[in-house]
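Below is one structure; the comments refer to it alone.
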Amino acid sequence: MLRTYLLYVVMVIAGTSLLMLAADAIGFLSYSDRPGAGWHGLHIQVSMADAEFIFSFALFAVAMSVLSCAVPAVVLLVVILRRLSIRGTIIASVVVPSAAISTLWLFAAAGWYVAIGQAFMFAAVTLSVPFSLAVSSPNGLRVWKFRVRAF
Numbered sequence: 048m049l050r051t052y053l054l055y056v057v058m059v060i061a062g063t064s065l066l067m068l069a070a071d072a073i074g075f076l077s078y079s080d081r082p083g084a085g086w087h088g089l090h091i092q093v094s095m096a097d098a099e100f101i102f103s104f105a106l107f108a109v110a111m112s113v114l115s116c117a118v119p120a121v122v123l124l125v126v127i128l129r130r131l132s133i134r135g136t137i138i139a140s141v142v143v144p145s146a147a148i149s150t151l152w153l154f155a156a157a158g159w160y161v162a163i164g165q166a167f168m169f170a171a172v173t174l175s176v177p178f179s180l181a182v183s184s185p186n187g188l189r190v191w192k193f194r195v196r197a198f
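In this note's numbering, the protein residues as written are 48 to 198.
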């Protein structure tokens with residue numbers, strides 16, 4: 048189960064944080080209450096303060112995902128469904144929406160503290176789909192020559 052949770056951290060939380068950092072590098076403010084998230088002029092740079100802030104947000108999201116039990120509940124759901132010998136497609140049809148809802152809830156709650164932009168909440172939900180498919184399939188998710196397996 049820990050391996051599955053770490054896969055979520057890498058695919059969803061780290062992936063969203065990297066997207067926030069990349070967007071910040073080209074001038075898209077990924078978080079802010081005032082003046083608000085969005086385009087605020089093209090600049091090809093990332094300040095160390097912004098990188099540290101996004102990294103601290105990622106650590107906060109990891110801590111919040113453990114404390115809220117949203118992601119561990121999805122992982123536990125997969126374990127229970129696999130123990131009942133249910134087919135992978137049925138597991139995927141249950142896990143994909145539940146992981147997407149859990150991720151949306153997690154990033155809405157964690158993102159509230161930093162006023163995260165709406166685009167990055169939806170990016171996190173989008174990144175939760177490959178995670179769900181990797182977890183629900185007994186053979187994992189095949190990406191190019193690599194196979195991502197959760198269990």
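Where is the CB? At the ideal position from N, CA and C, for every residue including glycine.
Keep in mind it's a predicted model, so treat the numbers as computed, not measured.
Three-state secondary structure assigned by DSSP to residue i
i	result
residue 74	coil
residue 85	strand
residue 163	strand
residue 134	coil
residue 91	coil
residue 140	helix
Residues near residue i by beta carbon distance below 6 Å, same chain, minus five either side
i	result
residue 163	78
Whole-number beta carbon distance between residue j and residue i, since they are thought to touch under 8 Å
i	j	result
residue 174	residue 63	6 Å
residue 125	residue 142	6 Å
residue 153	residue 108	7 Å
residue 172	residue 147	5 Å
residue 177	residue 58	6 Å
Chain-order list of residues whose beta-carbon lies under 8 Å from that of residue i (same chain, five-residue window excluded)
i	result
residue 149	117, 118, 120, 121 and 175
Neighbour-count burial assignment, residue i, 16 or more Cβ in a 10 Å radius
i	result
residue 48	exposed
residue 158	buried
residue 65	exposed
Beta-carbon proximity list for residue i, same chain, < 7 Å, skipping 5 on both sides
i	result
residue 73	89 and 91
residue 155	168
Cα-Cα separation between residue i and residue j, rounded to whole angstroms
i	j	result
residue 128	residue 99	39 Å
residue 93	residue 167	18 Å
residue 84	residue 75	7 Å
residue 53	residue 137	23 Å
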